[in-house]
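>
Protein chains: 2
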Amino acid sequence: MEDDIIYRKLRLILIGFGVIGQSLTKLLLSKSADLYNIYGIKPRIVACIDNKGAAISSSGLDLERLLNIKKSKGTVARYSDKKVAMNSLEIIENTEAEIVLELTPTNLENAEPGLSHLISAMRSGKHIITANKGPLSLALPSLLELADYNGIMFRFSGTVGGGTPILEYAKHCLKGDRIISFRGILNGTTNYILSKMETGLDFKQALSDAQKNGYAEAKPSLDVDGYDAAAKLVIMANWIMGMKVTMKNVNMFGISKITLDDINKAKNKKCAIKLIASCENKVLEVKPIEIDINDPICVDGTLNAVKFTLEHAGEQTIIGKGAGGIETASAVLRDMIEIRDNIINKI
Amino acid sequence: MEDDIIYRKLRLILIGFGVIGQSLTKLLLSKSADLYNIYGIKPRIVACIDNKGAAISSSGLDLERLLNIKKSKGTVARYSDKKVAMNSLEIIENTEAEIVLELTPTNLENAEPGLSHLISAMRSGKHIITANKGPLSLALPSLLELADYNGIMFRFSGTVGGGTPILEYAKHCLKGDRIISFRGILNGTTNYILSKMETGLDFKQALSDAQKNGYAEAKPSLDVDGYDAAAKLVIMANWIMGMKVTMKNVNMFGISKITLDDINKAKNKKCAIKLIASCENKVLEVKPIEIDINDPICVDGTLNAVKFTLEHAGEQTIIGKGAGGIETASAVLRDMIEIRDNIINKI
């Protein structure tokens, strides 16, 4: 019983209840038996915040009810009749919890409100898991220092590769070896557009196709101009290579000027044009370049692919879906299990 | 100082001093500063055994001298003037060490001498790292039980994928998710032969080319008839899927009957014939089949590739070199760091 109290208590503050937050909640529901039996955890969401308000319960919110309320009323604020008076920063600071999950949408301009959420969580000594690229791409070096200073664990697997464990792979699977450089396709939208252009559509047609299929936003600049890939590159460079860099350190070129003529010229050389993010000789770059069609990173559609070059084991490539609600939620869950394992090892 | 004694002591018994054993020794030499500074270990080889004899030193053998003696005299037995009187099993049982490295060549018929080495090591309470597929493919379920019974750690990353961390990926990077099935190319030799056939060589010509380039043995049956891929499949099924299986549970078909006509028929369907090892619905199979050329596992040359299908995160593929002395040695080193981390966590 005491075991239960010490080891299994995992109280979560969930901030952001969009696709990823809701997918995570569904995962916690559907996998609760596995989480307890295999990993020994019983996570409870003690506070859930969306852009219209919050729901709070120190004994844990009812997850089915939370999902239903969000669906029927549009906000978790309607979970209880009594309105929660605190704002999100006050909730983070004043609610007892082990982990803050920051899952609000990425904002690459000023990183808010995510950045303030992260800083509040760190200051109040709570571990953090985020899938929000904004704060990381603009301030990861400082955030890592702040996390270290406050003695908290800070994880963000879901920011790169969706559910594909690119960050963990580099950190956990390559011990004893050394990553010299890496390059790859980190943005599924532009890869979809470029793959469509291979079939004869021009850039505008391919973009419009991507928009119709829900792969591109109405304002597609974040993807097609390279910002999203650059943000992920920055995260990888900090976490994997120990570089202290932000978005301004990336040489960035988008794909909007790629023509069918460029595509066909590449094809004649048995190549395809791909938007490649690379970290080579400490230089960070996002740029459309010709890739040999036999290169393992030359994948089609919305796939992501990263190739690591190692000192001893040579080149290794990981390929997987780079986005998706349930996929990204699975990365958040993985981070949660890792943090909990580390908490136990420290006891 | 006491820290040094408790944490850093890592005495190794190295059995088998061929390409992998020598590559590992070179790695220990070249990376000794990193191993101490980054991972906090100072490995010492206290016994080294090859097929003609042994060298022993409780304070640690001089690694440069060991490599030179092997090169100039053909056996480590000449390391000292005094011949070591014990045989390999006696050395394993009577030498104080934390880890036994079993790196003798794979024997898929009766798994010896590797199997006896492993059993001796387990009985004498030593942790084990091996790159030898023989004992694992024939008796992994029993060996895992025996390891558990004796409370020792048993690792074999180098048996699958060379330096590509396929086993670790499945075990460490996919926590919280569930692997439903996997399939891939686990043998580089047959993949090289099939890739050569794509260029117009028939099977015999492609095999002869592979032999000339050192990718295939004079007696190529182990590779071309599927035994090597089947052995790796068995190891993955036990370790990743928790199945209790050995070689006899694999439906195995080789590539020696593949004709240029088969290759061309596949090509017309935008496919390539690959020797695919698969674990699907608990059925284990090694068989040449047609793979879509856009499938991420459709890699060329001596590369290996494995695709995992996950419950939540979809399909994920890892690609890398599947063999090589230094690559496999890097996997052995990775296992060593993991075992040492676990020893410390248990203190």
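So the sequences go chain by chain: L and S. Those letters in the first sequence? Residues 5 to 351, by this note's numbering. Those letters in the second sequence? Residues 5 to 351, by this note's numbering. Virtual Cβ for every residue (Gly too), placed ideally from N, Cα, C. As the structure is a prediction and not an experimental result, all values here were calculated from the model.
Drop a sphere of 10 angstroms on the beta-carbon of residue 335 of chain L, count the other beta-carbons inside from all chains shown, and report buried for 16 or more, exposed for fewer.
Position 331 of the first sequence holds residue 335 of chain L. Buried: at least 16 other Cβ atoms inside 10 Å.
> If you measure beta-carbon to beta-carbon, which residues of the region 178-192 of chain S are closer than 9 Å to chain L?
178, 179, 180, 181, 182
> Applying the 10 Å Cβ sphere with the 16-neighbour rule, what's the burial state of residue 50 of chain S?
Reading the second sequence from its first residue, position 46 is the one you call residue 50 of chain S. Buried, since its Cβ has 16 or more Cβ neighbours within 10 Å.
> Can you tell me the Cα-Cα spacing of residue 68 of chain L and residue 95 of chain L, whole angstroms?
Sequence index remark: in the first sequence, residue 68 of chain L carries index 64 (1-based). Sequence index remark: in the first sequence, residue 95 of chain L carries index 91 (1-based). If I take the Cα positions, the gap works out to 22 Å.
> In three-state terms, what does DSSP make of residue 159 of chain L?
Taking the first sequence and counting its residues from 1, one reaches residue 159 of chain L at position 155. If DSSP states are grouped into helix, strand and coil, residue 159 of chain L belongs with the strands.
> 8 Å is my cut-off, CB to CB: does residue 30 of chain L come that close to chain S?
For the purposes of this step, residue 30 of chain L is taken as the residue at position 26 of the first sequence. No - not a single Cβ of chain S is within 8 Å of the one on residue 30 of chain L.
> Taking a cut of 8 Å between CB atoms, which residues from the region 297-320 of chain L lie near chain S?
298, 300, 303, 304, 307, 309, 314, 316, 317, 318, 319, 320
> Using a beta-carbon distance cut-off of less than 8 Å, what residues from the region 325-343 of chain S approach chain L?
325, 328, 330, 331, 333, 334, 335, 337, 338, 340, 341, 342
> Helix, strand or coil for residue 303 of chain S, going by three-state DSSP, please let me know.
Counting from 1 along the second sequence, the entry for residue 303 of chain S is found at position 299. If DSSP states are grouped into helix, strand and coil, residue 303 of chain S belongs with coil.
> Do residue 54 of chain L and residue 21 of chain L have their C-beta atoms within less than 8 Å of each other?
By 1-based counting over the first sequence, the position of residue 54 of chain L is 50. By 1-based counting over the first sequence, the position of residue 21 of chain L is 17. Yes, the pair counts as a contact, with Cβ atoms nearer than the cut-off.
> Return the residue from the list S:127, S:198, S:161 that minimises the CA-CA distance to residue 276 of chain S.
The sequence position of residue 276 of chain S within the second sequence is 272, counting from 1. For residue 276 of chain S, the closest C-alpha among the options S:127, S:198, S:161 is that of S:198.
> For a quick check, are the C-beta atoms of residue 28 of chain S and residue 327 of chain S less than 8 Å apart?
Locating residue 28 of chain S in the second sequence gives position 24, counting from the first residue. Locating residue 327 of chain S in the second sequence gives position 323, counting from the first residue. With contacts defined by Cβ atoms closer than 8 Å, residue 28 of chain S and residue 327 of chain S do not form a contacting pair.
> I'd like to confirm the pairing. Which residues does DSSP put opposite residue 312 of chain S in its beta bridges?
The sequence position of residue 312 of chain S within the second sequence is 308, counting from 1. Answer by DSSP bridge pairing, in chain order: S:186, S:320.
> Which one of S:101, S:271, S:19 has the shortest CA to CA distance from residue 344 of chain S?
Residue 344 of chain S sits at position 340 when you count from the first residue of the second sequence. Nearest C-alpha to residue 344 of chain S: S:101.
> By DSSP, does residue 211 of chain S sit in helix, in strand, or in coil?
To locate residue 211 of chain S, count along the second sequence from 1; it is residue 207. Correct three-state label for residue 211 of chain S: helix.
> Which ranges would you report for the alpha helix (DSSP H) in the region 18-106 of chain S if only whole runs of at least 4 residues count?
23-34, 36-41, 67-77, 92-98
> Going by C-alpha distance, which of S:25, S:44, S:47, S:209 is nearest residue 79 of chain S?
If you number the second sequence from 1, residue 79 of chain S lands on position 75. Among S:25, S:44, S:47, S:209, the Cα nearest to that of residue 79 of chain S is on S:25.
> Quick test of your reading: residue 119 of chain S and residue 242 of chain S, contact by CB under 8 Å. State the CB separation rounded to the nearest angstrom.
Here residue 119 of chain S is taken as the residue at index 115 of the second sequence, counted from 1. Here residue 242 of chain S is taken as the residue at index 238 of the second sequence, counted from 1. About 15 Å; that fails the 8 Å criterion.
> Please confirm if residue 172 of chain L has its CB atom under 8 Å from at least one CB of chain S.
As a working note, residue 172 of chain L is residue 168 in the first sequence. By this cut-off, residue 172 of chain L is an interface position.
> Need the endpoints of the beta strand (DSSP E) that residue 282 of chain S sits in, please.
Locating residue 282 of chain S in the second sequence gives position 278, counting from the first residue. First-last of the beta strand (DSSP E) with residue 282 of chain S: 275-284.
> Closer than 8 Å by C-beta to residue 187 of chain S: which residues in its own chain qualify, once you throw out the five before and the five after it? Chain order, please.
As a working note, residue 187 of chain S is residue 183 in the second sequence. Only 280, 281, 282, 283, 284, 301, 310, 311 meet the Cβ criterion.
> What are the residues in the region 225-248 of chain S lying within 9 Å of chain L by C-beta distance?
For the region 225-248 of chain S, no residue has a beta-carbon sitting nearer than 9 Å to a beta-carbon of chain L.
> For residue 168 of chain L, which residues in chain B fall below 7 Å Cβ to Cβ?
Absent here is chain B; the protein component of the structure consists of chains L and S.
> Assuming residue 136 of chain S and residue 108 of chain S form a contact by the criterion Cβ under 8 Å, report the distance between their Cβ atoms to the nearest whole angstrom.
In the second sequence, residue 136 of chain S corresponds to position 132, counting from 1. In the second sequence, residue 108 of chain S corresponds to position 104, counting from 1. Confirmed, about 6 Å.
> Exposed or buried, residue 306 of chain S, counting other C-beta atoms within 10 Å across all chains shown (16 or more means buried)?
Taking the first residue of the second sequence as 1, we reach residue 306 of chain S at position 302. Residue 306 of chain S is buried by the Cβ-count criterion.
> List the residues that DSSP assigns as beta-bridge partners of residue 15 of chain S.
Locating residue 15 of chain S in the second sequence gives position 11, counting from the first residue. Residue 15 of chain S is bridged to S:48.
> Tell me which same chain residues have a C-beta within less than 8 Å of the C-beta of residue 295 of chain L, skipping the five on either side of it?
Position 291 of the first sequence holds residue 295 of chain L. These residues qualify, in order along the chain: 275, 276, 277, 278, 280, 301, 302.
> Whose C-alpha, out of L:318, L:292, L:110, L:122, is nearest the C-alpha of residue 17 of chain L?
Mapped onto the first sequence, residue 17 of chain L falls at position 13. Comparing Cα positions, the closest option is L:122.
> For residue 293 of chain S, report the span of its beta strand (DSSP E) as first-last.
Your numbering for residue 293 of chain S matches position 289 in the second sequence. It spans 287-296 - the beta strand (DSSP E) in which residue 293 of chain S sits, taken as one unbroken run.
> Report the residue from S:142, S:105, S:321 whose alpha carbon sits nearest the alpha carbon of residue 113 of chain S.
As a first step, residue 113 of chain S is located in the second sequence; it is residue number 109 there, counting from the start. Nearest C-alpha to residue 113 of chain S: S:142.
> Whole-angstrom Cβ separation of residue 171 of chain L and residue 240 of chain L, contact assumed at under 8 Å?
Counting from 1 along the first sequence, the entry for residue 171 of chain L is found at position 167. Counting from 1 along the first sequence, the entry for residue 240 of chain L is found at position 236. That pair is a contact at about 7 Å.
> When the Cα atoms are used, what is the spatial distance from residue 151 of chain S to residue 297 of chain L?
On the second sequence, residue 151 of chain S is found 147 positions in, with the first residue counted as 1. On the first sequence, residue 297 of chain L is found 293 positions in, with the first residue counted as 1. About 45 Å.
> So that I know if they touch, is there some Cβ in chain S lying closer than 8 Å to that of residue 323 of chain L?
As a position in the first sequence, residue 323 of chain L is number 319, starting the count at 1. Yes, residue 323 of chain L lies at the interface with chain S (some Cβ there is under 8 Å from its Cβ).
> Taking buried to mean at least 16 other C-beta atoms within 10 Å of its own C-beta, is residue 115 of chain L buried or exposed?
As a first step, residue 115 of chain L is located in the first sequence; it is residue number 111 there, counting from the start. Flag for residue 115 of chain L reads buried.
> Measuring alpha carbon to alpha carbon, tell me which residue in L:180, L:64, L:209 is nearest residue 314 of chain L.
Sequence index remark: in the first sequence, residue 314 of chain L carries index 310 (1-based). Measuring from the Cα of residue 314 of chain L, the nearest candidate turns out to be L:180.
> Mind listing the chain S neighbours of residue 349 of chain L? Cutoff is C-beta to C-beta under 9 Å, in chain order.
Against the first sequence, residue 349 of chain L aligns to sequence position 345. Within chain S, the residues near residue 349 of chain L are 349.
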